[in-house]
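**Student:**
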Amino acid sequence: MRSDRGSSAPLGLKIAAAAGLLFLHVPILLIFAYAFTTEERSYQWPPPGFTLQWFAATWNRPDVWQALGLSLRVATISTAIALVLGSLCAAAVSGSRFFGRETISLLIILPIALPGIITGIALRSAFNIADIPFSFWTIVLGHATFCVVVVYNNAIARFRRTSGSLIEASMDLGADGFQTLRHVILPNIGTALVAGGMLAFALSFDEVIVTTFTAGQQQTLPIWMLEELVRPRQRPVTNVVAMVVVLVTLLPIVAAYYLTRDGAEIAGQGK
Numbered sequence: 000m001r002s003d004r005g006s007s008a009p010l011g012l013k014i015a016a017a018a019g020l021l022f023l024h025v026p027i028l029l030i031f032a033y034a035f036t037t038e039e040r041s042y043q044w045p046p047p048g049f050t051l052q053w054f055a056a057t058w059n060r061p062d063v064w065q066a067l068g069l070s071l072r073v074a075t076i077s078t079a080i081a082l083v084l085g086s087l088c089a090a091a092v093s094g095s096r097f098f099g100r101e102t103i104s105l106l107i108i109l110p111i112a113l114p115g116i117i118t119g120i121a122l123r124s125a126f127n128i129a130d131i132p133f134s135f136w137t138i139v140l141g142h143a144t145f146c147v148v149v150v151y152n153n154a155i156a157r158f159r160r161t162s163g164s165l166i167e168a169s170m171d172l173g174a175d176g177f178q179t180l181r182h183v184i185l186p187n188i189g190t191a192l193v194a195g196g197m198l199a200f201a202l203s204f205d206e207v208i209v210t211t212f213t214a215g216q217q218q219t220l221p222i223w224m225l226e227e228l229v230r231p232r233q234r235p236v237t238n239v240v241a242m243v244v245v246l247v248t249l250l251p252i253v254a255a256y257y258l259t260r261d262g263a264e265i266a267g268q269g270k
């Protein structure tokens with residue numbers, strides 16, 4: 000029987016795919032181009048000239064470094080919280096059967112399914128009722144709500160592809176719980192946790208809506224960018240920062256893709 004895997008796609012499908020890719024990525028390429036433009040007030044196309052002066056201007060802006068540092072700290076701590084809670088939730092849901100398990104799983108993934116503005120309003124209302132002042136930690140709690148979901152989805156998918164006989168064999172051979180976790184469970188779900196953590200970091204780093212409701216007077220980098228867009232001078236500085244954000248978020252997403260693409264086979268299958 001002839002296989003269709005080696006057959007070429009129709010020309011119309013290729014054109015449609017190319018058009019879709021251009022639609023998605025041309026605006027990003029424009030951001031990169033405007034980071035080098037000599038025009039500082041408007042988005043003129045084509046740019047009247049190209050310069051590297053905006054990179055030096057961005058480097059010497061202390062407000063950029065403050066916003067960047069806040070975003071990195073929030074993303075790091077939110078990801079750490081998500082790795083702990085997300086992996087524990089995935090282990091509990093996948094490792095045992097109990098009444099309401101699917102309902103609990105639905106409740107765990109609900110924060111990322113809801114519109115960000117709903118989550119933001121809910122968190123802001125909760126903080127106001129509890130009389131919690133807006134601070135660095137309110138941003139972290141807001142970001143952790145959806146970062147947990149990302150880690151949970153990656154971890155539970157890998158748990159379901161991991162043969163339970165591996166854990167049973169480890170316990171039968173005399174390993175205690177910690178040894179089983181270290182030598183059996185973590186090697187099988189490690190790449191999923193790393194991938195989930197990278198995706199969670201990327202989502203937290205460029206989050207806007209939830210941050211708007213939980214940050215108070217603080218500015219993460221995306222919030223800083225939104226406020227800078229309304230200023231008439233040095234707009235290319237915003238594009239330089241946007242280019243950095245694209246690169247910072249792209250790297251963990253690509254790394255997560257390569258870490259998880261080979262995880263389709265069930266660990267321990269046939270052993």
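Counting from 0, one number per residue, gives the positions in the sequence shown under numbering that gives the first Met the number 0.
The beta carbon of each residue, even a glycine, is placed where N, CA and C say it ideally should be.
In the structure shown, what three-state DSSP assignment does Thr36 receive?
**Tutor:** Thr36: strand per DSSP, three-state reduction.
**Student:** State the CB to CB distance for the pair Gly85 and Ala154, rounded to an integer number of angstroms; the pair is presumed to be in contact (CB under 8 Å).
**Tutor:** Yes, Gly85 and Ala154 are in contact; Cβ-Cβ is about 6 Å, under 8 Å.
**Student:** At which residues does the alpha helix (DSSP H) containing Leu140 begin and terminate?
**Tutor:** Where Leu140 is concerned, the enclosing alpha helix (DSSP H) stretches over 135-159.
**Student:** Out of curiosity, what's the CA-to-CA distance linking Ala34 and Trp53?
**Tutor:** Those two C-alpha atoms are separated by around 7 Å.
**Student:** Using the rule of at least 16 other Cβ atoms within 10 Å of the residue's Cβ for burial, across every protein chain shown, is Ser77 buried or exposed?
**Tutor:** Under this definition Ser77 is a buried residue.
**Student:** If I measure Cβ to Cβ from Ile116 and keep anything under 7 Å in the same chain, skipping five residues before and after, which residues do I get?
**Tutor:** The answer, listed in chain order, is Ile208.
**Student:** For Phe204, which of Ile14, Ala66, Thr137, Asp62 has the nearest alpha-carbon?
**Tutor:** Nearest C-alpha to Phe204: Ala66.
**Student:** Using the beta-carbon count (16 or more within 10 Å), is Leu106 buried or exposed?
**Tutor:** By the neighbour-count rule (16 or more Cβ atoms within 10 Å), Leu106 is not buried but exposed.
**Student:** Express the C-alpha separation of Val239 and Gly48 in angstroms, rounding to a whole number.
**Tutor:** If you take the alpha carbons of Gly48 and Val239, they lie about 16 Å apart.
**Student:** Less than 7 Å between the C-beta atoms of Ala194 and Thr248, yes or no?
**Tutor:** It is not a contact, given that the beta carbons lie outside the stated cut-off.
**Student:** Between Met242 and Phe98, is the Cβ-Cβ spacing less than 7 Å?
**Tutor:** In this structure, Phe98 does not lie closer than 7 Å to Met242 by Cβ.
**Student:** Using CA coordinates, which residue listed in Leu225, Ala199, Thr210, Glu227 is at the minimum distance from Val83?
**Tutor:** Here the closest residue by C-alpha is Ala199.
**Student:** Could you say which of Trp223, Leu246, Leu109, Val245 lies nearest to Val147 if we only look at CA atoms?
**Tutor:** It is Leu109.
**Student:** Determine the burial state of Gly19: buried for a count of at least 16 other Cβ atoms within 10 Å of its Cβ, exposed for fewer.
**Tutor:** By the 10 Å Cβ count, Gly19 comes out exposed.
**Student:** Starting from Asn127 and walking both ways along the alpha helix (DSSP H), at which residues does that stretch end?
**Tutor:** Taken as a continuous stretch (DSSP letters only), the alpha helix (DSSP H) holding Asn127 covers 115-128.
**Student:** Would you call the stretch 216-227 and the stretch 115-130 touching, i.e. three or more CB-CB distances under 8 Å?
**Tutor:** Judged by Cβ distances under 8 Å, the stretch 216-227 makes no contact with the stretch 115-130, as fewer than three pairs qualify.
**Student:** Check the DSSP bridge columns for Phe49 and list the partner residues they point to.
**Tutor:** In the DSSP output, where bridge partners are listed per residue, Phe49 has Thr36.
**Student:** Please report how far the alpha carbon of Ile138 lies from the alpha carbon of Ala79, in whole angstroms.
**Tutor:** One C-alpha to the other measures close to 14 Å.
**Student:** Using the C-alpha atoms, what's the distance from Arg157 back to Leu192?
**Tutor:** Going by the C-alpha atoms only, they are around 9 Å apart.
**Student:** Assign Leu225 to one of two classes, buried (16 or more other C-beta atoms within 10 Å of its C-beta) or exposed (fewer than that).
**Tutor:** Per the 10 Å Cβ criterion, exposed.
**Student:** Using only the alpha-carbon positions, how far apart do Val73 and Val253 sit?
**Tutor:** Cα to Cα, the separation comes out at about 21 Å.
**Student:** Grab the span of the alpha helix (DSSP H) containing Val209 for me, first residue to last.
**Tutor:** Where Val209 is concerned, the enclosing alpha helix (DSSP H) stretches over 208-213.
**Student:** With Gly141 and Thr36 assumed to form a contact (beta carbons below 8 Å), what rounded beta-carbon distance in angstroms separates them?
**Tutor:** About 35 Å; that fails the 8 Å criterion.
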